[in-house]
Every structure is written in structure tokens, then in C-alpha cells.
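Below is one structure, written out as C-alpha cells; comments come after it.
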Amino acid sequence: MSTTGLLVIAVLVLTIFGYFMASNRAIAAAGGDRRKLHSLPAYYGSNAAMFTAIPALGVLVLWLLAQPMMIDRSVLSTIPDSIITEGSSAGLVMSDVRRVADGLDLVVSEDVMSANDVLALQTGQTDIRALLASVGAAVGADVKSEVLEAAQKYRKQTTTGQLWMAVVVATLALIGFAMSVMAAKPDFRARNTVERGMLALLIFAASLAVLTTVGIVFSMLFESINFFRLHPWTDFFFGTSWAPNFRGDSDLSILPLLWGTLYISFIALTVAVPVGLFAAIYLSEYAGSKVRSVAKPLLEILAGIPTIVYGLFALLTVGPTLVRIFGRGEEGLLGVEWMSGATAVLTAGLVMGIMLIPFVSSLSDDIINAVPQSLRDGSLGLGATPSETIRQVVLPAALPGIVGAILLAASRAIGETMIVVLGAGAIAKFSANPLDAMTTITTRIVSQLTGDTDFSSPETLVAFALGLTLFVLTLGLNVIALYIVRKYREQYD
Amino acid sequence: MTDATQIPETKRASLLQLNAWTRRRNAAETRFKAYGMIAIAIGLLMLIILVFNIISRGSGAFQQTFVTLEVELLADKLDKKGNRDIEDIKKVSTFGYTPLLKNAFEEKLTAAGIETELKSKDLVGILSKSAAAQLRNFVINDPSRIGDRVEFEFLASSRVDGYLKDRVSRDSIANDKNISAEQLDIVDVLMANGSLKKRFNLSFITGSDASDARPEAAGMGVSMIGSLFMMMVVLVLALPIGVAASIYLEEFAPKNWITDIIEVNISNLAAVPSIVFGILGLAVFINYMHLPNSAPLVGGLVLTLMTLPTIIISTRASLKAVPPSIRDAALGVGASKMQSVFHHVLPLAAPGILTGTIIGLAQALGETAPLLLIGMVGFIASNPPDSIAAGLMSPNSAMPAQIYEWAKRADPAFYERAWGGIIILLVFLVGMNTIAVILRRRFERRW
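Chains as they are written, first to last, in our numbering: chain A, 1 to 493; chain B, 494 to 940.
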């Protein structure tokens with residue numbers, strides 16, 4: 001078992017031990033009379049458990065996060081520039097080093113060689129690659145002496161790091177254990193300390209959401225900056241063609257992708273908005289409670305279906321149906337040859353529209369229901385028919401909210417991935433023909449980041465710039481939509 | 494004296510008789526109402542088409558064509574040295590087993606009295622490419638059977654299976670080099686004498702994925718285990734973190750700008766496209782922390798971050814639904830704020846929290862896009878993991894990723910499996926949502 005696992009188990013055992021020791025000690029100190037204690041005995045125990053486990057495990061986690069980075073940096077500084085050859089990068093060499101180091105660890109753990117023999121290995125004398133292959137660790141090419149040296153250094157530093165980690169964590173746990181057990185006396189305010197600790201944990205959990213956002217922004221920002229170092233930003237934002245070429249010298253412009261994304265989203269919204277809006281109007285203004293209680297959940301099933309299902313539906317059902325109508329020349333239903341493949345803007349747009357119907361309808365339903373009944377009563381009392389009331393009173397009053405709902409649906413459409421990956425095609429171009437295959441930002445992110453990726457080429461890194469653009473775009477739409485919706489709600493509260 | 498406004502002379506008409514204007518207004522009313530009904534009908538129609546489409550195209554995957562053959566396990570082919578040493582038997586590759594299948598097929602046809610011009614190689618082509626491996630596994634598991642005649646049930650090849658399911662017809666195979674009309678003649682004969690038939694195929698549910706050439710052997714089982722491990726990670730991480738975050742925001746947080754930032758953040762995080770979470774997972778968990786590619790642990794972490802906002806939003810709603818009188822009563826008898834929350838409010842909110850968590854998990858179970866980026870597609874998930882640690886760390890697929898993988902393999906036999914996989918996925922989702930609804934009905938309290 002690894003050092004880390006043993007360490008965690010040791011700390012946990014000490015924690016349980018501390019819990020019982022502290023609560024027993026508190027009771028004993030009070031002479032067995034619980035009424036003399038400030039807090040319930042369990043709080044003395046929890047206090048001890050808290051101080052034993054949390055600092056030690058917290059440091060452990062931070063150490064595990066920081067150590068690889070520190071070691072990478074120190075090992076990388078010793079690798080001579082000469083072996084970072086053309087077409088390679090420091091990152092690739094580093095991953096080679098890591099692979100060799102892991103392989104050597106395996107050699108030791110499987111008793112192929114003793115630890116000292118492994119330390120004395122030389123590239124000239126032993127075939128390292130064959131040695132590593134014998135324990136099942138595959139290395140791409142022959143191991144250079146510099147790489148072996150770096151790998152040895154890597155192993156040495158990792159071992160030292162782990163040793164220090166074990167020492168620091170164990171000391172922290174023991175100090176926490178000793179101090180909190182010693183503190184378990186009747187007049188110690190154990191409950192207050194424990195509750196303060198719990199509150200800190202709750203705050204930490206709440207701030208994880210912020211941490212996630214920070215993580216998203218920074219992970220994409222750093223790689224995007226790397227991308228813009230390798231590729232001119234003017235081409236990314238203002239170029240006109242998308243033609244990635246893994247030998248380099250690619251055209252990577254977001255505009256054709258943005259066009260495809262917006263076109264598909266537009267078609268999706270022209271399907272979803274009228275249908276969803278009229279469904280919401282009917283459900284909230286006309287339908288009886290029986291119809292409502294059946295139709296509303298049924299419509300919402302559409303929202304619960306995973307997007308991969310819609311993707312397959314687009315690729316295998318809607319696409320071929322559209323081809324039968326608009327394609328195949330003489331054999332087709334219209335006898336025209338407008339559509340060649342099943343993947344097209346219209347295919348993806350229609351299916352995405354179906355997916356968005358319940359999204360639009362349930363949001364608009366809420367908003368229409370929020371319009372005060374007095375407005376309707378006033379209008380009906382003046383002799384307007386229900387439809388006139390809806391068109392001239394309810395909808396204008398609900399308009400800002402509905403606009404907000406549509407913006408939310410648009411942001412959903414722009415960020416949707418599976419339907420466009422399967423249904424929209426892979427050709428980046430500016431075309432107004434909805435029967436053409438086009439591609440979107442999300443599909444290109446998927447295709448640039450799946451398979452073998454090299455994080456030093458602009459062709460891979462562009463995915464992060466695309467992701468950042470997508471994030472900013474959807475976030476902007478959301479912020480605006482939520483602002484509109486909230487402002488509108490306040491009007492009638 | 495001002496002139497009285499001239500009242501225009503209106504045509505006197507009976508109130509009981511509608512004039513043209515009223516009729517127009519009424520027609521507009523009916524039309525408007527009809528639009529609403531049409532909209533709902535369109536929505537429901539789409540649902541029906543979708544469900545019908547899934548069931549009609551996917552149910553075939555649960556049935557598979559099998560061929561019954563009696564194979565003589567010839568000792569001189571399988572164990573040339575005759576010492577029944579397992580190591581020697583293992584040296585015989587699947588190629589060594591193919592002649593046995595050829596013999597068995599020829600015997601079968603002779604017994605049935607059929608003359609054919611097909612070569613024995615083409616006869617074996619009726620069977621799946623996994624047939625020889627099936628035979629080999631049988632022998633390796635039980636070498637004492639060498640020399641016996643044993644009856645086996647082999648999978649038929651995907652084209653034969655398609656022929657029985659009307660996916661492949663004699664017209665459609667004109668350019669197909671995997672099957673010929675003569676082979677289909679044999680299939681017809683075998684079907685007539687009962688040694689080739691279609692039956693329920695359990696291995697689609699429990700089995701593992703298979704390579705491109707053997708769609709008939711592919712199953713969902715291993716990817717289901719991958720999904721299960723991911724859901725475990727999501728449950729273990731997202732539930733406590735989500736509940737803790739909601740308790741803080743709902744019960745303890747002071748109204749200030751920091752709380753505002755956290756709240757705005759959570760509602761925006763809920764609307765971030767899922768693929769962005771995939772990019773985060775790739776950059777942080779794989780590139781930075783060097784966690785293994787394609788591991789359910791990484792998938793679980795990414796999905797945790799994605800479901801957290803859902804769980805937080807629903808947990809906050811159910812905490813809010815607990816009336817303040819409960820808190821006041823607890824505080825009144827001397828409980829601390831923390832005790833009032835953990836001893837009284839939280840247990841009362843538990844059914845609502847559970848419902849929200851199940852719905853969040855169902856959402857995570859069907860999510861595909863982030864899994865593509867952390868590499869849970871593009872390889873064959875062949876063996877179920879043998880321990881919990883391996884289940885978390887060794888490469889695996891997940892149900893939606895497996896469906897995507899099959900959809901990409903441009904072969905109608907795999908398409909059928911993709912639809913079948915969707916049926917399994919939807920059964921899970923319907924099950925989870927039903928549990929959530931039952932929980933809500935059963936334990937929901939109106940104060």
C-alpha cells in the first residue's frame with residue numbers, strides 16, 4: 001500500500017482514538033458527573049477528533065497537490081535544452097521522465113531488481129526500455145541518459161518529499177491529538193469550539209462553488225494565453241477560415257464556427273419559442289387542472305431525456321427523414337437534390353428545438369402565472385375576450401420575463417454539445433443554406449481535445465480559447481437574462 | 494347650450510344574434526385557443542415519436558440470433574502432445590479451433606441432407622467471429638472435455654442476425670462482402686430445422702463492448718459498472734458538500750457582498766455548458782493532477798462539480814420550506830443555532846434533499862459531453878474491474894459514452910445496439926425519477 005494510504009489510515013485511527021479518549025477524560029475529570037461538564041461529552045470527543053484529523057488531512061491534500069508541481073519544476077531545470085528537440089516540448093520530455101520513473105518504481109516493487117541496483121543503472125550498460133517492458137511499463141523510444149538521470153532525480157525527490165510529508169502530517173496529527181485531549185477538562189467550552197469548526201467547514205463547502213468558477217476561468221485562461229502566444233489573436237477573432245492542420249500553419253478562426261453555432265441556435269429557437277410559448281399560454285390560461293396535471297409533466301419528460309438520445313435521434317431518424325424529403329434527386333419526396341448527408345444545420349436545429357420546448361414552456365409558464373390576477377379580471381370585466389386579454393394585457397406585462405426565458409434558452413442552445421456533435425456535421429463554412437452541414441464551437445472543442453493531444457500545439461490549445469469564448473458568451477446571456485427576470489419579478493411582488 | 498354629440502345611428506339588432514364583429518372576435522378566440530392546443534399536441538407528438546422510435550429500433554438489441562452446433566473437441570488438434578497440460582493447451586490459438594467449427598458445420602449439413610457449393614470457410618462465416626474464442630475458453634476452463642462431443646450455442650454473425658430482424662435483405666447485400674445469398678440459403682435451412690433461432694440475449698445487458706467486427710457480441714455491462722462507480726463518487730462528494738453549502742447559505746450566511754457573490758455564482762454555474770466542465774476536468778484533474786485518463790474517478794469528479802449547483806438549489810428550497818417556528822422552538826429550549834439546524838431542521842428537510850439529489854444524479858448519469866473530453870470513449874471496455882480501487886482508477890467507459898461510441902461506428906448493427914443502450918439508460922433514469930416522485934409524495938409535509 002502506498003505511503004499516502006497508510007498515512008490516511010493512521011490519522012483516522014488516531015482520530016477515533018482521540019474521540020473516545022477525550023470524552024472519557026472529560027467525564028473522568030468531572031468525577032463521573034456529567035452535569036459538571038460545560039458541554040456534552042460527545043463534544044469533547046468531537047473536538048479532539050477535529051483537531052487531530054482536519055489540520056493533518058488538510059496539509060496532506062495540499063502537499064499532494066503542490067509536490068508534483070515543485071518536483072517538476074526542479075527536475076525540468078536540470079534537463080539540458082539539447083534534448084528538447086524540434087517538434088518536442090518540455091512537457092513531453094517531462095512526461096517521458098515521469099513514465100521512466102514510474103517504470104523504475106515498478107521494477108523495484110516487483111522485485112526484478114533491488115532498489116540500489118536500480119539507482120546504479122546506466123543507459124550504456126542496460127537496455128532500460130527492455131527492462132521497463134519486462135514489468136509492463138511501455139516507453140515510446142530508447143531512454144536517453146539525460147532522461148534516465150532526470151528520472152532518477154525525480155524518484156529521489158519524490159521519495160524525500162513523501163518522507164517529509166509523512167513526518168509533517170504525523171506530527172500535526174499528534175500535536176492536535178495531544179493538545180485537544182489535554183484540553184478535555186470540565187470548564188473547557190468544547191461545544192463552542194466544535195461549532196466554530198463546523199461553521200468553518202460549512203463556509204468552505206459554500207466557497208467550493210466559487211472555487212469551481214475560478215478553476216474554470218483560470219484553467220481556460222492560462223491555456224488560452226498559451227494559444228495566443230503561438231497563434232495571432234487577429235486570426236482567431238477576425239479570420240475567415242477554420243482549417244486545422246496538425247503539421248502546423250493552420251487557420252484557426254472562430255467566426256465560421258460562431259456562424260454555425262448561431263444559425264443552429266436560431267433554428268432551434270424558431271421551433272422552440274412559438275411551440276413552447278403557446279403551450280405555456282394554453283396551460284396557464286385555458287387548460288383545466290386535469291389537462292394541466294397530465295400535459296405539463298409529459299412535456300417536461302422531454303427536458304429530462306439525456307442529450308445523447310437527442311443526438312442519436314438527429315443522426316439516425318431526423319437526418320435520414322430530411323434526406324428523404326430534400327435529397328436523393330428523383331427518388332426523394334420532392335424530387336430535388338438539395339441535401340446530400342443526414343448531418344445538417346436543419347437536422348441539429350430541429351432536434352435541439354424539440355429539446356428546448358419544455359425549457360421555454362415551463363419558464364414562460366412561471367412568468368405568466370406571476371402576472372397578477374387583477375390585471376386579467378380588469379380586462380375581462382371591460383368585455384375583452386380571453387385571447388384579447390392574453391395578447392393585450394398578460395403578454396405585454398410578462399414580456400420582459402419571456403425575453404429573459406428566451407435568452408436562457410438561447411444560452412442553452414449555444415452550449416449544447418451532443419446534438420451538434422452527432423447531427424450538425426464537421427464542415428466549417430459560411431453558408432445560409434440550412435440543408436448544408438456546418439459545425440459549431442462545441443463540436444470543434446470535442447474534436448480538438450479527443451484522441452492524442454499535444455498540449456503545446458496551437459491546434460489543441462485553440463480548444464481552450466474556444467471554451468473560454470463559449471463560457472463568456474453563455475455567462476453573458478445568463479447574467480442578462482437573470483437580471484431581466486429578477487427585475488420583472490420585483491415589479492409585481 | 495352646446496350641441497349634443499351626434500350619436501351615430503346604429504343598426505338595431507337583436508342581442509341574440511351575433512353581429513359580424515362579434516363573430517370575428519369569437520373566431521379569433523377559437524383560433525388562439527387552437528394554437529395553444531396545437532402547440533401542446535406538437536410537444537406530445539414529438540415525445541411519442543421519440544419514445545416509439547427508441548423502442549422500435551432498440552428492442553431488437555435484446556434479442557440475438559444463436560446457432561446450435563455439436564462440436565467434436567478433437568484431441569489431436571487441441572492437445573497434440575496428449576498430456577492435457579494446460580500450458581500446452583493454451584498455446585493453441587483461436588485459429589486452431591476454426592477447423593473444429595468447419596467440421597461441425599459440415600457434419601450438420603450432411604446430417605440434414607443438404608448439398609452446398611459453399612466452402613467450409615464461408616459456412617463458418619455464418620457464425621460470429623467470437624465463436625472460436627468461445628470454444629477456446631470452454632476448453633481452457635475444462636480441459637478434461639477434450640475428445641468429447643459437446644453441444645454449443647454460438648452467436649450468429651451480425652449480418653445473419655440482421656437478416657432475421659429484417660435489417661438485412663437479399664437485395665441489400667449485393668455489395669456486401671461479409672455475406673452472400675448462398676449463406677442466407679443455408680441460414681433459411683438451419684432456421685427451418687430449428688438449429689438457428691432468435692432468443693433473448695442476456696449478454697447485451699451484462700456483457701462488455703466488442704471490437705468493430707463483432708457487433709453481435711457487444712454489451713453494456715462493463716460501461717454500466719463504469720457509470721455506477723461514477724455515480725458513487727458523485728453521491729459521496731456532491732451530497733455532503735452540497736448540503737453543507739446550502740446549510741451555510743440558508744441558515745448562517747450574513748447578508749453581505751460575499752454571500753451575494755457566492756449566490757450569483759451558484760446560479761450561473763448551473764447554466765454553464767457541460768462541455769466547459771469537461772475542459773476543466775481535462776485541465777485540472779488530468780493535466781495538472783495527473784489522474785489517469787478515462788478513469789471513473791475523474792468522470793465522477795467532473796460530474797460532481799456539475800451536479801453541485803442542482804443539489805444546492807434543491808436543498809436550499811427544502812430547507813426554506815421548514816417553518817421558522819421549528820427553529821424558534823429549538824432555540825427556545827436552549828439548543829445552539831448549530832444544534833437547531835442539525836437536530837431539527839435538517840431531518841425535516843431530508844426527504845426534499847434526497848429527492849433533489851436523486852434528480853441531480855439522474856442528470857449526471859445521462860451526461861455525455863464532459864466524458865468525451867476526459868477520454869471515456871474510443872477504446873473497448875472489455876473486462877469488469879476486479880476491485881473497488883481498480884473500478885475507480887482503471888480506464889472504463891460509461892453508459893452514455895458507450896452509446897456515443899456505438900453511434901460513431903457507422904454500422905447498422907451497432908446503431909441497433911446504441912438504441913438498445915438508450916433503452917437501458919432510460920430505464921435507469923425512469924427508475925430514479927420514480928423513486929424521487931414516490932419519496933416526495935410519501936414524505937412531503939405541508940406546514
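Backbone N, C-alpha and C fix where the C-beta goes; we use that ideal spot for every residue, glycine too.
Open item on the list: Between the alpha carbons of residue 330 of chain A and residue 712 of chain B, how many angstroms are there, rounded?
Closed with: Between residue 330 of chain A and residue 712 of chain B, the C-alpha separation is close to 40 Å.
- [ ] Give a yes or no on whether 7 Å exceeds the smallest Cβ distance from residue 216 of chain A to chain B.
- [x] Residue 216 of chain A counts as touching chain B.
- [ ] Please classify residue 443 of chain A: does DSSP put it in a helix, a strand, or coil?
- [x] Note: residue 443 of chain A maps to helix in three-state DSSP.
TODO: Buried or exposed for residue 402 of chain A, please, with buried defined as at least 16 other CB atoms from any protein chain shown within 10 angstroms of its CB.
DONE: Classification of residue 402 of chain A: buried, given that the 10 Å Cβ count is 16 or more.
- [ ] Can you grab the Cα-Cα spacing for the pair residue 438 of chain A / residue 71 of chain A, in whole Å?
- [x] Distance between the alpha carbons of residue 438 of chain A and residue 71 of chain A: 45 Å.
TODO: Please report how far the alpha carbon of residue 346 of chain A lies from the alpha carbon of residue 264 of chain A, in whole angstroms.
DONE: When rounded, the distance between both Cα atoms is 7 Å.
TODO: For residue 772 of chain B, I'd like the list of residues in its chain whose CB is within less than 7 Å of its CB, leaving aside the five on either flank, ordered along the chain.
DONE: Same-chain partners within the cutoff: 866.
Task: Per-residue DSSP class, three states only, for residue 45 of chain A - done: Helix.
Task: Start-end ranges of the alpha helix (DSSP H) lying completely within the stretch 784-872 of chain B, minimum 4 residues - done: Taking only runs of at least 4 residues, the alpha helix (DSSP H) segments lying wholly in the stretch 784-872 of chain B are 789-814, 817-825, 839-858 and 862-866.
Task: Rounded straight-line distance, which links the Cα of residue 133 of chain A to that of residue 801 of chain B - done: So the two alpha carbons sit approximately 42 Å from each other.
Task: Reference residue 517 of chain B; option with closest CA among A:384, A:129, A:199 and A:44 - done: Its Cα nearest to that of residue 517 of chain B, the residue A:384 stands out among A:384, A:129, A:199 and A:44.
- [ ] Using a threshold of 7 Å, state whether the C-beta atoms of residue 540 of chain B and residue 302 of chain A are closer than that.
- [x] Between residue 540 of chain B and residue 302 of chain A, the gap from beta carbon to beta carbon is short of 7 Å.
TODO: With a threshold of 16 other CB atoms inside 10 Å of the CB of residue 649 of chain B, please say whether the residue is buried or exposed.
DONE: Counting C-beta atoms within 10 angstroms of its own C-beta, residue 649 of chain B has 16 or more neighbours from the protein chains shown and is therefore classed as buried.
Task: Endpoints, alpha helix (DSSP H) assigned at residue 595 of chain B - done: Following the DSSP letters along the chain, one finds residue 595 of chain B inside the alpha helix (DSSP H) bounded by residues 591-605.
Open item on the list: Between which two residues does the alpha helix (DSSP H) holding residue 196 of chain A run?
Closed with: Start and end: 190-230.
TODO: Step through the CB atoms of chain B and report whether any lies within less than 7 Å of the CB of residue 219 of chain A.
DONE: Judged by the 7 Å Cβ criterion, residue 219 of chain A is in contact with chain B.
Task: Residue closest to residue 119 of chain A, alpha-carbon to alpha-carbon, out of A:101, A:51, A:130 and A:129 - done: The residue with the shortest Cα to Cα distance from residue 119 of chain A is A:101.
Task: Proximal chain A residues relative to residue 798 of chain B, where beta-carbon distance stays under 7 Å - done: For residue 798 of chain B, the residues of chain A that pass the 7 Å Cβ criterion are 212, in the order they occur in the chain.
Task: Boundaries of the alpha helix (DSSP H) in which residue 935 of chain B is found, first to last residue - done: Boundaries of the alpha helix (DSSP H) around residue 935 of chain B: 905-936.
Task: Exposure of residue 58 of chain A, with buried meaning 16 or more beta-carbon neighbours within 10 Å - done: Exposed: under 16 other Cβ atoms inside 10 Å.
Open item on the list: Please confirm whether residue 44 of chain A has its beta-carbon closer than 7 Å to some beta-carbon of chain B.
Closed with: It does not; no Cβ of chain B falls within 7 Å.
Open item on the list: So, does the stretch 350-367 of chain A touch the stretch 273-281 of chain A, judging by three or more C-beta pairs under 8 Å?
Closed with: The stretch 350-367 of chain A makes contact with the stretch 273-281 of chain A, as at least three CB pairs between them are under 8 Å.
TODO: Can you give me, in chain order, the residues of the stretch 301-330 of chain A that have a beta carbon less than 9 Å from any beta carbon in chain B?
DONE: Cβ proximity to chain B below 9 Å picks out 301, 302, 304, 305, 306, 307, 308, 309, 310, 311, 312, 313, 315, 316 and 317 from the stretch 301-330 of chain A.
- [ ] Indicate whether at least one CB of chain A lies closer than 7 Å to the CB of residue 443 of chain B.
- [x] As shown, chain B starts at 494 and ends at 940. That puts residue 443 of chain B outside it, with no answer to give.
TODO: Taking residue 653 of chain B and residue 680 of chain B to be in contact with their CB atoms under 8 Å, please state how far apart those CB atoms are, rounded to whole angstroms.
DONE: Residue 653 of chain B to residue 680 of chain B, Cβ: 5 Å. Contact.
Task: Contacts of residue 745 of chain B in chain A (Cβ-Cβ under 7 Å) - done: For residue 745 of chain B, the chain A residues whose C-beta falls within less than 7 Å of its own C-beta are 199 and 202, listed in chain order.
TODO: Identify, in the order they occur along the chain, each residue of the same chain with its Cβ nearer than 6 Å to the Cβ of residue 672 of chain B, setting aside the five sequence neighbours on each side.
DONE: Closer than 6 Å at Cβ, skipping near neighbours: 652 and 666.
TODO: Determine whether the Cβ of residue 749 of chain B lies closer than 7 Å to any Cβ atom of chain D.
DONE: This model lacks chain D altogether, as its protein chains are A and B.
TODO: May I have the straight-line CA-CA distance separating residue 885 of chain B from residue 316 of chain A, to the nearest angstrom?
DONE: Their backbone Cα atoms lie some 33 Å apart in a straight line.
TODO: For residue 416 of chain A, name the three-state secondary structure that DSSP assigns.
DONE: The answer is coil: DSSP assigns residue 416 of chain A none of H, G, I, E or B.
Task: residue 706 of chain B (DSSP reduced to helix, strand or coil) - done: Reduced to three states, the DSSP call for residue 706 of chain B is coil.
- [ ] With residue 262 of chain A as the anchor, note down where its alpha helix (DSSP H) starts and where it stops.
- [x] Where residue 262 of chain A is concerned, the enclosing alpha helix (DSSP H) stretches over 255-281.
Task: According to DSSP, residues forming a beta bridge with residue 481 of chain B - done: Residue numbering for chain B in the displayed model covers 494 to 940; residue 481 of chain B lies beyond these limits and cannot be assessed.
Task: Where the beta strand (DSSP E) containing residue 693 of chain B begins and where it ends - done: Where residue 693 of chain B is concerned, the enclosing beta strand (DSSP E) starts and stops at 689-693.
Task: Boundaries of the alpha helix (DSSP H) in which residue 295 of chain A is found, first to last residue - done: Counting along the chain, the unbroken alpha helix (DSSP H) around residue 295 of chain A starts and ends at 289-304.
Open item on the list: For a test of your reading of the model: does the CB of residue 109 of chain A fall under 6 Å from any non-hydrogen atom of the ligand FMN? Yes or no.
Closed with: The ligand content of the structure shown is nil, which means the ligand FMN is not present either.
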